[in-house]
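Trainee: For the sequence shown, the UniProt record's numbering gives the first residue as 1, with consecutive numbering after it. Ideal placement from N, C-alpha and C gives every residue a C-beta, glycine not left out. Just dropping this structure here.
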Amino acid sequence: NKFDGKIDRRSFMGEYEIDDKTNRPRNPAGRTGLSGRGLLGHWGPNHAADPVITRWAKNQPNFKGKVLEIVLINRKDNNHLALPGGMIDEGENAFVAAKGELLEEA
């Protein structure tokens, strides 16, 4: 709900409750049946910057109509296709983070 040192604890979903027993954030969408933080790096909001870059393809004779191309990467950990991007570091600007991740990964 606020800055905690350099960590931005605000959520894009708005204010969220803190559990009185655990002192951890509650899911603003309500109960999910899941517990813990899963694969997320922090309790509470985990801000990420994933730039989406597209363009209309030119001269695609095998397709009727327009073809939209998108920049994707092969993830090193599982070899799946994904958007370039990553987590925003403490105190980092979201635009700067997105630009840095794009230059690093694509």
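1) Is it buried or exposed for L102, if we count other Cβ within 10 angstroms and need 16 for buried?
2) With three or more C-beta pairs closer than 8 Å as the rule, is the stretch 46 to 53 touching the stretch 83 to 93?
3) Beta-carbon separation of P61 and G44 under 8 Å?
4) Along the beta strand (DSSP E) that carries L68, what are the first and last residues, could you check?
5) Which whole runs of the beta strand (DSSP E) in the stretch 26 to 63 are 3 residues long or more, in chain order?
Mentor: Let me spell this out:
1) Numbered from 1 along the sequence shown, position 102 holds the residue referred to as residue 102. Per the 10 Å Cβ criterion, buried.
2) yes
3) Taking the first residue of the sequence shown as position 1, residue 61 is located at position 61. Taking the first residue of the sequence shown as position 1, residue 44 is located at position 44. Not a contact, by the Cβ cut-off of 8 Å.
4) Taking the first residue of the sequence shown as position 1, residue 68 is located at position 68. Here the beta strand (DSSP E) through L68 covers 68 to 70.
5) 54 to 56
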